[in-house]
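Asker: Residue numbers (the numbering used here), protein chains in the order written: chain U, 1 to 255; chain R, 256 to 510.
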């Protein structure tokens, strides 16, 4: 019988690395599916729609449906919908944010919005950032999909959503509501969806500061894999260790 | 005989306020000119060329030539030229930065630059910010024209150059060389140009955090005027007071 009743699993650095495959990922998910162990993917990627993530996973021989994927865009939209059913939203972001807001029936506008949602937008302009700042100063609630300041790529570190969120925070002197990891919100929602208790679940990811910290904040066990951002050397400098740390998912035999 | 041998004078909030006039400014400058007291305008505005600033001042009946104007773009270009006569530069900025770099014969490029200069750019894109981050990580020296995080406008606070500079600092984990006020560099250069000692000069401006602090850092006397950012109420919360604080320049009778 499986050691954990449910798995929460990061995507980039854990299931694939950019466009490169992480070969042991497919076998790991396949085993969960064969054994009937429920799981959710918990990602900080706000730009990709769930449909595109399903396609991307399929290219790596991981076959799942959209309901297994929690994105900070969907969670942000759900949060806004809960606060105000008829809310209007000024958005900075790509398809993932837009689709999430539309799927919840929220109005996207640049005219006196109730909320400003900020996700990564690789086409963002000065004007959009300025508009966001002015709307927040006029009283719109500031919601950030995720706090990642810098994103590692083959070329070097590039600006993540958190870098723009922090810019807007400094200009407006307003603290955002932050949805993504390391906040525990997505972990809690995923466990609620699966109807699993915190002490029966484990969070799996490569990034100590986001994945592992989200698990620690939510008080669930954590499994660090060395296939992405955080190395086992890096872990020597952190105060709270993950429950487990492995080179790759191939070494995990608790399912 | 005039109390001070030289005046260093801020522009926005002191000589004009956005597009609005500050009526007493023209009389103040006219008196300096009549009495033959040398002065320099010391601005943190990197986007406007000196020629455009001369035009703008003329609209407010202040008639000066370009040599009276120190901009952080010109100072940044001079600094780079001094470090390396043949330097190549990746720039973020508007006409003021571009003209400054070209006037010093520096090469503007997006291909393996020696320097990255960041000034306010109201057309800046994600791609440009990303390129700046990658060049700095490849070893280019990071120069910022000025550190202003937020700029007051009639609509509210909008992002200043310092907000983008701080974004790039956080992504690259690299500290910039910052030219503008409150750094004392422009004050020192202006006094050097006029061949005046520090204890014979005074810095005049509306913004405590930039203008007055630059004077304090340079150890010269300071005159705060309440026609822009900082109110006399605000001054109750600062540790080091300006030498003088007046409602407007009309109250100044030391020339």
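A virtual CB, placed ideally from N, CA and C, is assigned to each residue, including glycine.
No experiment lies behind these values; they were computed from the predicted model shown.
Tell me whether the beta-carbon of residue 44 of chain U lies closer than 8 Å to the beta-carbon of residue 146 of chain U.
Answerer: Cβ distance < 8 Å, so residue 44 of chain U and residue 146 of chain U count as in contact.
Asker: Please classify residue 418 of chain R as buried or exposed, where buried requires at least 16 other C-beta atoms within 10 Å of its C-beta.
Answerer: Buried, because 16 or more other Cβ atoms sit within 10 Å of the Cβ of residue 418 of chain R.
Asker: If we require 3 or more residues per run, which beta strand (DSSP E) segments fall completely within the segment 109–154 of chain U?
Answerer: Listed in chain order, the complete beta strand (DSSP E) runs (minimum 3 residues) inside the segment 109–154 of chain U are 115–118, 141–144 and 150–153.
Asker: Could you spell out the range, first to last residue, of the beta strand (DSSP E) harbouring residue 222 of chain U?
Answerer: Here the beta strand (DSSP E) through residue 222 of chain U covers 221–225.
Asker: Spatial neighbours of residue 393 of chain R within its chain, please: C-beta separation below 8 Å, excluding the five flanking residues on both sides.
Answerer: 367, listed in sequence order.
Asker: Measure the alpha-carbon distance for residue 66 of chain U versus residue 154 of chain U and round it to whole angstroms.
Answerer: Going by the C-alpha atoms only, they are around 28 Å apart.
Asker: Nearest to residue 128 of chain U by alpha carbon, out of U:148, U:100, U:108 and U:91?
Answerer: Among U:148, U:100, U:108 and U:91, the Cα nearest to that of residue 128 of chain U belongs to U:91.
Asker: So residue 385 of chain R and residue 158 of chain U are in contact, right, with Cβ under 8 Å, and what is the actual spacing, rounded?
Answerer: With a Cβ gap of about 5 Å, residue 385 of chain R and residue 158 of chain U count as contacting.
Asker: What residues from chain U crowd round residue 377 of chain R, counting only those whose CB sits closer than 7 Å?
Answerer: In chain order: 126.
Asker: For residue 402 of chain R and chain U, any beta-carbon pair shorter than 8 Å?
Answerer: By this cut-off, residue 402 of chain R is not an interface position.
Asker: In the structure shown, what three-state DSSP assignment does residue 414 of chain R receive?
Answerer: The answer is strand: DSSP assigns residue 414 of chain R an E or B state.
Asker: How would you label residue 258 of chain R, buried or exposed, when you count the other beta carbons within 10 angstroms and need 16 or more for buried?
Answerer: Exposed is the call here.
Asker: Can you give me the C-alpha to C-alpha distance between residue 330 of chain R and residue 175 of chain U, rounded to a whole angstrom?
Answerer: Their backbone Cα atoms lie some 35 Å apart in a straight line.
Asker: Helix or strand or just coil, what does DSSP make of residue 424 of chain R?
Answerer: Helix.
Asker: In the DSSP assignment, the alpha helix (DSSP H) including residue 50 of chain U goes from what residue to what residue?
Answerer: Per DSSP, residue 50 of chain U belongs to the alpha helix (DSSP H) from 50–59.
Asker: I need the boundaries of the beta strand (DSSP E) containing residue 297 of chain R, first residue and last residue.
Answerer: Note, residue 297 of chain R: beta strand (DSSP E), 294–297.
Asker: Assuming contact is defined by CB atoms lying nearer than 8 Å, are residue 501 of chain R and residue 325 of chain R in contact in what I supplied?
Answerer: No, they are not a contact pair.
Asker: Taking only three categories from DSSP, how would you classify residue 1 of chain U?
Answerer: Low confidence applies here, because residue 1 of chain U scores a pLDDT of 46, under 50, leaving its location unreliable and the question unanswered by this model.
Asker: Check the Cβ-Cβ distances between residue 418 of chain R and every residue of chain U, and say whether any is below 8 Å.
Answerer: Judged by the 8 Å Cβ criterion, residue 418 of chain R is in contact with chain U.
Asker: What are the uninterrupted segments assigned as alpha helix (DSSP H) that are 4 or more residues long and contained completely in the segment 436–486 of chain R, given in chain order?
Answerer: If we require 4 residues or more, the alpha helix (DSSP H) runs fully inside the segment 436–486 of chain R come out as 440–449 and 468–472.
Asker: In angstroms with no decimal places, state the Cα-to-Cα distance between residue 88 of chain U and residue 133 of chain U.
Answerer: When rounded, the distance between both Cα atoms is 16 Å.
Asker: Contact check, residue 477 of chain R vs residue 449 of chain R under 8 Å by CB: the rounded distance?
Answerer: No, residue 477 of chain R and residue 449 of chain R are not in contact; Cβ-Cβ is about 17 Å, not under 8 Å.
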